[in-house]
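> Once you've had a glance at the structure underneath, I'll fire off some questions.
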Amino acid sequence: MTNSLIEDLQWRGLLYQQTDAEGMDELLSTEKVSLYCGVDPTADSMHIGHIVPLLTLRRFQMHGHRPILLVGGATGMIGDPSGRSEERQLQTTEQIDLNVQGIKKQMERIFDFQSENGAQMVNNREWIGPMSVIEFLRDYGKLININYMLGKDSIASRLDSGLSFTEFAYTLIQGIDFNHLFNHYGCRVQVGGSDQWGNITTGLEIIRKTHEEETKAFGITIPLVTKADGTKFGKSASGSVWLDAQKTSPYEFYQFWINTADSDVIKYLKIFTFLEREEIEGLEVTVQNEPHLRKAQMTLAEEMTRLIHGQEALDQAVRISQALFSGNLKALTADEMKDAFKDVPSVEMTKDEKNIVDFIVEATVSPSKRQAREDVTNGAISINGEKITEVGYVVGQVDRLEDEFMIIRRGKKNYKMIKFV
Numbered sequence: 001m002t003n004s005l006i007e008d009l010q011w012r013g014l015l016y017q018q019t020d021a022e023g024m025d026e027l028l029s030t031e032k033v034s035l036y037c038g039v040d041p042t043a044d045s046m047h048i049g050h051i052v053p054l055l056t057l058r059r060f061q062m063h064g065h066r067p068i069l070l071v072g073g074a075t076g077m078i079g080d081p082s083g084r085s086e087e088r089q090l091q092t093t094e095q096i097d098l099n100v101q102g103i104k105k106q107m108e109r110i111f112d113f114q115s116e117n118g119a120q121m122v123n124n125r126e127w128i129g130p131m132s133v134i135e136f137l138r139d140y141g142k143l144i145n146i147n148y149m150l151g152k153d154s155i156a157s158r159l160d161s162g163l164s165f166t167e168f169a170y171t172l173i174q175g176i177d178f179n180h181l182f183n184h185y186g187c188r189v190q191v192g193g194s195d196q197w198g199n200i201t202t203g204l205e206i207i208r209k210t211h212e213e214e215t216k217a218f219g220i221t222i223p224l225v226t227k228a229d230g231t232k233f234g235k236s237a238s239g240s241v242w243l244d245a246q247k248t249s250p251y252e253f254y255q256f257w258i259n260t261a262d263s264d265v266i267k268y269l270k271i272f273t274f275l276e277r278e279e280i281e282g283l284e285v286t287v288q289n290e291p292h293l294r295k296a297q298m299t300l301a302e303e304m305t306r307l308i309h310g311q312e313a314l315d316q317a318v319r320i321s322q323a324l325f326s327g328n329l330k331a332l333t334a335d336e337m338k339d340a341f342k343d344v345p346s347v348e349m350t351k352d353e354k355n356i357v358d359f360i361v362e363a364t365v366s367p368s369k370r371q372a373r374e375d376v377t378n379g380a381i382s383i384n385g386e387k388i389t390e391v392g393y394v395v396g397q398v399d400r401l402e403d404e405f406m407i408i409r410r411g412k413k414n415y416k417m418i419k420f421v
């Protein structure tokens, strides 16, 4: 009988490859294990493409197993060639250290560090950093054959375009990590994205060659998240969707999930949320029978925003969304307006007082003075959510938020941000 955790991972579409499915099933059914996933600190924040293996690790924790979170302070200085067509730009030690701090904070939102099987965070610079070149070549370089390494997709795919020895050696260093965690933390399983298969199996090879025959470790990979329309998952109109609120605001983060297509939403609920099967299957029925209510999308957006940014940020994202939908901008603070409208067309203007008609023509909100007068008298113009219906109205300091911007709306959905200089 299949272990309930493995069964759940299969139902969620989270199992791509396993080095020994039968052995893994038996291990999870008889023991509480330590398992790990690594993240290289190539930026000071993870984006949503990074978190699927981590969320999968969290599922193991919820079933009583202990997650080890490896932040690659050493491997991040080298660069993983997996899934890349060109060499990575090397970063300074100082930048890597800053990146590590940013990623640690984000992991603390996802994992439980306090309970009996609380997560442990490790940095591979602790054991890779002090290692001499002689040690590396004698103790580990001897274990892995060049032909074996050339068989890895991440290496073979780069031979024509060029691959430095630095990146060539990456898989061996990640293998050393697995072996170190196996020896010092009792770690039996590595979890990674599908592009990590080659690196995971190198680790298993090192463990096999440095331990007794019956020693057993395992590897699992997770499929690449895709969209039904074939476009790349994890990108919004303005680029990557980051976990850092300074890079992608909670409102933008919430909106990313709200805008999920009906054809993808159930798949994403399975992959990204911790909702039970019955609830997700219930939401699947609503997608089929009442898709216009977008209940599944709202649930996905709420679950993900709460997980990554907390309840308060979720409440704010919902408030901004509701205010924009209803047109009631007066319900928003200046900061919330700035956040909500940072991607709308904007124009710079001086702080001089101006008649409303002249103002909206100069701001290219209305195409002509005649049209501008008509728009004002018809109640089609509002400033910061306040309707302006008098053609004699003078736009001045009172209309500027924080004395630096305002939001003008023409009609129901044509917004423009005015930035004052």
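In terms of full-length UniProt numbering, the sequence shown opens at residue 1 and continues consecutively.
All residues carry an ideal CB built from backbone N, CA and C; glycine is no exception.
1. In or out: Val421 buried (at least 16 other Cβ within 10 Å) or exposed?
2. Leaving out five residues before and five after Gln121 in sequence, what residues of the same chain have Cβ atoms less than 6 Å from its Cβ?
3. When every heavy atom of the ligand GDP is checked, does at least one fall within less than 7 Å of the C-beta of Phe274?
4. Look at Thr364 and Val376 and say whether their C-beta atoms are less than 8 Å apart.
5. Tell me which residue opens and which closes the beta strand (DSSP E) that Phe405 is part of.
6. Are at least three pairs of beta-carbons, each pair with one atom in the region 327-334 and one in the region 279-292, less than 8 Å apart?
7. Between the Cα of Arg409 and those of Asp403, Glu402, Ile418, Leu401, spot the shortest distance and give me the residue it belongs to.
8. In the DSSP assignment, find the beta strand (DSSP E) that holds Leu70 and state where it starts and stops.
9. What is the rounded straight-line gap between the Cα of residue 425 and the Cα of Ile207?
10. Could you please give the first and the last residue of the uninterrupted alpha helix (DSSP H) stretch that includes Gln322?
11. Could you work out which residue in Lys338, Asn328, Lys351 is closest to Glu386 when comparing CA atoms only?
12. Given a threshold of 16 other Cβ atoms within 10 Å of its Cβ, counted over all protein chains shown, does Lys152 qualify as buried or as exposed?
13. Express the C-alpha separation of Asn3 and Ile203 in angstroms, rounding to a whole number.
14. Under a three-way DSSP split, which group does Tyr170 fall into?
15. If we ignore side chains and look at the alpha-carbon of each, how far apart do Leu15 and Pro223 end up?
16. Hey, could you find the ends of the alpha helix (DSSP H) Thr231 is sitting in?
17. If contacts are defined as beta-carbon pairs under 8 Å, then Pro291 and Asp262 qualify, I think. What distance do you get, rounded to the angstrom?
18. Quick check: is the beta carbon of Gln18 nearer than 8 Å to any beta carbon in chain C?
19. Report the option in Met107, Tyr170, Pro41 whose CA atom is closest to the CA atom of Phe136.
20. State the Cα-Cα distance for the pair Lys354 and Phe325, rounded to the nearest angstrom.
21. So, with DSSP's three-state summary, where would you put Arg188?
22. For Asp229, which residues in the same chain have their Cβ closer than 8 Å to its Cβ, ignoring the five residues on either side in sequence?
23. Alpha helix (DSSP H) containing Leu55: first to last residue?
24. For the region 160-176 against the region 189-203, do three or more pairs of beta-carbon atoms, one drawn from each stretch, fall closer than 8 Å, so that the two count as touching?
25. State the DSSP-derived secondary structure class of Phe341, mapped to helix, strand or coil.
26. Less than 7 Å between C-beta atoms, sequence neighbours within five positions excluded: which residues of the same chain meet that for His309?
27. Run through the region 203-279 for me and flag every whole beta strand (DSSP E) of 3 or more residues, listed as ranges in chain order.
28. Report yes or no: do the region 26-35 and the region 55-70 share at least 3 C-beta pairs separated by less than 8 Å?
29. Taking DSSP as the reference, what is the three-state secondary structure of Met24?
30. Residues in its own chain within less than 7 Å of His180 by CB, not counting five upstream and five downstream?
31. Out of curiosity, what's the CA-to-CA distance linking Ala380 and Lys412?
32. Given a cut-off of 8 Å, decide if Val39 and His47 are closer than it, judged by their beta-carbon atoms.
33. Taking all protein chains shown into account, decide if Asp44 is buried (16 or more other Cβ within 10 angstroms of its Cβ) or exposed.
Checking against the coordinates, here is how it stands:
1. Within the sequence shown, residue 421 is the residue found at index 421, counting from 1. Looking at its Cβ environment, which holds fewer than 16 other Cβ atoms inside 10 Å, Val421 is exposed.
2. Start at 1 with the first residue of the sequence shown, and residue 121 comes out as number 121. For the sequence presented, residue 121 should be read as Met rather than Gln. Leu69.
3. Within the structure as shown, the ligand GDP is missing, as the structure has no ligands at all.
4. For this step, residue 364 is matched to residue 364 along the sequence shown. For this step, residue 376 is matched to residue 376 along the sequence shown. Between Thr364 and Val376, the gap from beta carbon to beta carbon reaches 8 Å or more.
5. Locating residue 405 in the sequence shown gives position 405, counting from the first residue. Start and end: 405-410.
6. The answer is no - the region 279-292 does not touch the region 327-334, with fewer than three Cβ pairs under 8 Å.
7. Against the sequence shown, residue 409 aligns to sequence position 409. Checking every option, the nearest Cα to that of Arg409 belongs to Ile418.
8. By one-based count along the sequence shown, residue 70 stands at place 70. First-last of the beta strand (DSSP E) with Leu70: 66-71.
9. Here the chain comprises residues numbered 1 to 421, so residue 425 is not present and cannot be evaluated.
10. In the sequence shown, the residue the question calls residue 322 occupies position 322. Residues 311-326.
11. Working through the sequence shown from its first residue, we reach residue 386 at position 386. That would be Asn328, whose Cα lies nearest to the Cα of Glu386.
12. As a working note, residue 152 is residue 152 in the sequence shown. Looking at its Cβ environment, which holds 16 or more other Cβ atoms inside 10 Å, Lys152 is buried.
13. Residue 203 sits at position 203 when you count from the first residue of the sequence shown. Residue 3 sits at position 3 when you count from the first residue of the sequence shown. The sequence shown places Gly at residue 203, not Ile. Near 25 Å, if we compare the C-alpha coordinates of Asn3 and Gly203.
14. Here the question's residue 170 lines up with position 170 in the sequence shown. The answer is helix: DSSP assigns Tyr170 an H, G or I state.
15. Sequence index remark: in the sequence shown, residue 15 carries index 15 (1-based). Sequence index remark: in the sequence shown, residue 223 carries index 223 (1-based). Each residue's Cα considered, the two are about 7 Å apart.
16. Residue mapping note: residue 231 aligns to position 231 of the sequence shown, counting from 1. Note, Thr231: premise wrong, no alpha helix (DSSP H); not H, not E.
17. The residue given as residue 291 occupies position 291 in the sequence shown. The residue given as residue 262 occupies position 262 in the sequence shown. The Cβ separation is near 5 Å, so the contact holds.
18. No chain C is part of this structure, which consists of one protein chain only.
19. Here the question's residue 136 lines up with position 136 in the sequence shown. Residue Tyr170 is the option with its Cα nearest to Phe136.
20. In the sequence shown, residue 354 corresponds to position 354, counting from 1. In the sequence shown, residue 325 corresponds to position 325, counting from 1. Their backbone Cα atoms lie some 29 Å apart in a straight line.
21. On the sequence shown, position 188 is the one that residue 188 refers to. Here Arg188 sits in strand by DSSP.
22. For this step, residue 229 is matched to residue 229 along the sequence shown. Closer than 8 Å at Cβ, skipping near neighbours: Ala261, Ser263.
23. Residue mapping note: residue 55 aligns to position 55 of the sequence shown, counting from 1. 51-62 is the span of the alpha helix (DSSP H), which, as asked, contains Leu55.
24. yes
25. For the purposes of this step, residue 341 is taken as the residue at position 341 of the sequence shown. Reduced to three states, the DSSP call for Phe341 is coil.
26. To locate residue 309, count along the sequence shown from 1; it is residue 309. These residues qualify, in order along the chain: Ala245, Pro250, Phe253.
27. 218-222
28. yes
29. As a working note, residue 24 is residue 24 in the sequence shown. Met24: helix per DSSP, three-state reduction.
30. To locate residue 180, count along the sequence shown from 1; it is residue 180. Result list for His180: Trp127, in chain order.
31. Taking the first residue of the sequence shown as 1, we reach residue 380 at position 380. Taking the first residue of the sequence shown as 1, we reach residue 412 at position 412. Computed Cα separation, rounded: 8 Å.
32. Within the sequence shown, the letter at position 47 stands for residue 47. Within the sequence shown, the letter at position 39 stands for residue 39. The answer is no: Cβ separation not under 8 Å.
33. Counting from one through the sequence shown, the residue named residue 44 turns up at place 44. Answer is buried; the Cβ neighbour count reaches 16.
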